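What follows is a set of notes on a single structure, which appears directly below.
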Amino acid sequence: MSMNFMLGFVPNTDLSAFGADAESTTDFDGASRSTAAGPSAAQVGAHVLLVDPGLDLQQLPQLSGPPAGTVLVTLGGTSDVYVVQSFGDHPRLRVLAEREVAEDLGAPIDAEAVFETEDDPEDAHLAFVCRLAGITVEELWNLEWAPLASGRGGFFGRLFGR
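Residues are numbered in the numbering used here as their position in the sequence shown, beginning at 1, plus a constant of 12.
Right, dumping it as structure tokens:
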């Protein structure tokens, strides 16, 4: 299976900040599927996880400075490119292309240790996000994912107070 979506980890944030439709939840498979209507979010303790099959999360750095500790992960299974990007006082960029590290800027995030033990890049990047959130990959698949509101008061507007 080739996974093609973005994941986001936003620490110390409540799901309500994203304009999520808590009445229309789905599982991870439904939220990450290419036919999903847009990004979805799930609450994990004090943190929010995002999944975006349309890759709209790529706009995040251009819109405004994401909250410190925010991490975006791109799983590009079709192109065999995987990206980890973190924001805040200690920014990080790691690009894995065709199983080789193509870019490596900033200090590694502790959760990146999974890249040394996991052979499959897709599994490794899912496990990386799960380590950030303090959950297992199985728990990721079983979270309730709520679609995010679109438009001016929606996803990006709520995230950055626009």
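Virtual Cβ for every residue (Gly too), placed ideally from N, Cα, C. In this text, all values refer to a predicted model and were calculated from it rather than measured experimentally.
What's the call for residue i, buried or exposed, on a 16-neighbour Cβ count within 10 Å?
i, result
"residue 55", "buried"
"residue 46", "exposed"
Return the first residue and the last residue of the alpha helix (DSSP H) that residue i is part of.
i, result
"residue 52", "First-last for residue 52: 52-56, but that is the beta strand (DSSP E), not the alpha helix (DSSP H)."
"residue 91", "Residue 91 -> no alpha helix (DSSP H), and no H or E assigned at all."
"residue 41", "40-44"
Using DSSP's beta-bridge definition, name the partner residues of residue i.
i, result
"residue 59", "56"
"residue 20", "62, 84"
"residue 158", "53"
Quick one: residues in its chain with C-beta nearer than 7 Å to the C-beta of residue i, no 5 flanking neighbours on either side, listed in chain order?
i, result
"residue 89", "14, 15, 16, 134"
"residue 149", "138, 139, 142"
Between which residues of its own chain and residue i is the CB-CB distance below 6 Å, once the five residues before and five after are set aside?
i, result
"residue 34", "158"
"residue 93", "109"
Keeping to the same chain, check which residues put their C-beta closer than 8 Å to that of residue i; ignore five residues upstream and five downstream.
i, result
"residue 49", "159"
"residue 42", "48, 157"
Determine the extent of the beta strand (DSSP E) in which residue i is found, giving its start and end residues.
i, result
"residue 106", "104-109"
Is residue i near the ligand GTP, judged by its Cβ being under 7 Å from some heavy atom?
i, result
"residue 103", "Here there are no bound small molecules, and the ligand GTP is not part of this structure."
Original post:
Just checking, does the region 74-94 make contact with the region 129-143 on the three C-beta pairs under 8 Å criterion?
Top reply: yes
**OP:** Answer yes if the region 110-120 comes into contact with the region 56-70, meaning at least three C-beta pairs across the two stretches below 8 Å, and no otherwise.
**Re:** no
Original post:
Are at least three pairs of beta-carbons, each pair with one atom in the region 150-159 and one in the region 98-112, less than 8 Å apart?
Top reply: no
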